[in-house]
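Student:
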Amino acid sequence: MGRRHAENVARQIADARLVALCDADDRTRERVASELGAASVASVQELVDRGDVHAVVVASPAGHHEEHAIAAARAGKDVFVEKPIATNLGGADRVIAAAKGVRLQVGFQRRYDPAYAEARKIVSSGALGAPVFYRGVNRDREAPTGAPGSLATNDILTESAIHDLDGARWMMADEVAGIRASLATIGERAPAPDVAMVELRFTRGGVAHVEAMRGARYGYDIRSEVMCERGAVFVGGFAQTILTVMRGNERHDGLYPGYLERYADAYLAEMRDFVAGTRERRPPAVTGEDGRMALAIALVAGRAAATAGEMTIA
């Protein structure tokens, strides 16, 4: 993920310059820095202390998001941090507090995807009436790997389902009042649950159903729908999220192999917005509070799965 953001800044965004990058893997850091014409920096602190760095993109493993985002914010740099904003709510609060004097944006690239953005525009216009139901499907092709217990039980929620947990709140334009969830492990060698089912109840009566799965070997399958009082909008399904190639009278369909291919345009639009927002000093489209709320829903869903009952966000 970090490489994609770095490539976009270095090669696709004319009014930004990739100054330096940091990675725990020395060989990877040196190679990518050389390819993109950036300085290779051995530590995050060294990077954020540079006077020629004005903004920092945090795309390290989730367990380091809090530490790295806070380091950048305390150095006075604007911060883009990939989801999840942290691994717990205390960490999210610390990131938000540290960023009070800078611009903090959280990475939820679906908000920048043309199809999702158009769906949100239609729903929020009121042309179809109020939204009453959201359904999201997030099936990752790659199965989780590692020894049993090497991944947190909630990983499927905080890394995969969280996209639709944020998406549901965004599309419904409402806050979550109740959460039910269940987790399952269906992969023979999965080190943690690889399936999550989450039901959300919103304050105005709307509901949402979110499904996340890892190990869908047939491809990367992302679908969402929003039912409103007088109609519905659909993103994805086998008519929109697949690649279609026409050769003469032949048609060849295939699912996207992964998220980098599916959301290539969204990642670029997201980073362009971060750069533009930093220059213009306007509020980010996805705030630290948005990132905190998505994380809160995911964490409460994990507890709800353990109790088999409905839980609320404190």
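Taking our numbering, the leading residue of the sequence shown gets 184, the next gets one more, and so forth. No residue lacks a Cβ here, since even glycine has one placed at the ideal position from N, Cα and C. Here the structure is a predicted model, which means the values were calculated and not measured.
The alpha helix (DSSP H) that contains Arg-187, what's its start and end?
Tutor: 185-194
Student: Please give the ranges of any beta strand (DSSP E) in the segment 263-300, keeping only runs that are unbroken, at least 3 residues long and fully inside the region.
Tutor: 287-290
Student: Would the segment 244-254 and the segment 212-220 be scored as touching if the rule is three or more Cβ pairs under 8 Å?
Tutor: no
Student: Quick one: what's got a C-beta closer than 7 Å to Arg-257's C-beta in the same chain, skipping five residues either side?
Tutor: Excluding positions up to five away in sequence, the list reads Ala-281.
Student: By the DSSP assignment, the alpha helix (DSSP H) with Met-454 in it spans what residues?
Tutor: Taken as a continuous stretch (DSSP letters only), the alpha helix (DSSP H) holding Met-454 covers 447-463.
Student: Tell whether a beta-carbon distance below 8 Å holds between Val-315 and Gly-471.
Tutor: no
Student: Using 10 angstroms around the beta-carbon of Ala-304, count the other beta-carbons present and answer buried if the total reaches 16, otherwise exposed.
Tutor: According to the sequence shown, residue 304 is Lys rather than Ala. Exposed.
Student: Count the other CB atoms, across all protein chains shown, that sit within 10 Å of the CB of Gly-274; report buried if there are 16 or more and exposed otherwise.
Tutor: buried
Student: Is the distance from the Cβ of Ala-449 to the Cβ of Gln-195 below 8 Å?
Tutor: Cβ distance not < 8 Å, so Ala-449 and Gln-195 don't count as in contact.
Student: Assign Thr-317 to one of three DSSP states: helix, strand, or coil.
Tutor: Note that residue 317 is Tyr in the sequence shown here, rather than Thr. Here Tyr-317 sits in strand by DSSP.
Student: So, is Leu-230 buried or exposed, given that buried needs 16 or more other C-beta atoms within 10 angstroms?
Tutor: Looking at its Cβ environment, which holds 16 or more other Cβ atoms inside 10 Å, Leu-230 is buried.
Student: So what's Ile-496 in DSSP terms, helix, strand or just coil?
Tutor: coil
Student: Can you tell me where the alpha helix (DSSP H) with Leu-478 in it begins and where it stops?
Tutor: 471-490
Student: Across which residues does DSSP place Arg-406 in a beta bridge pair?
Tutor: In the DSSP assignment, the residues bridged to Arg-406 are Val-320 and Gly-419.
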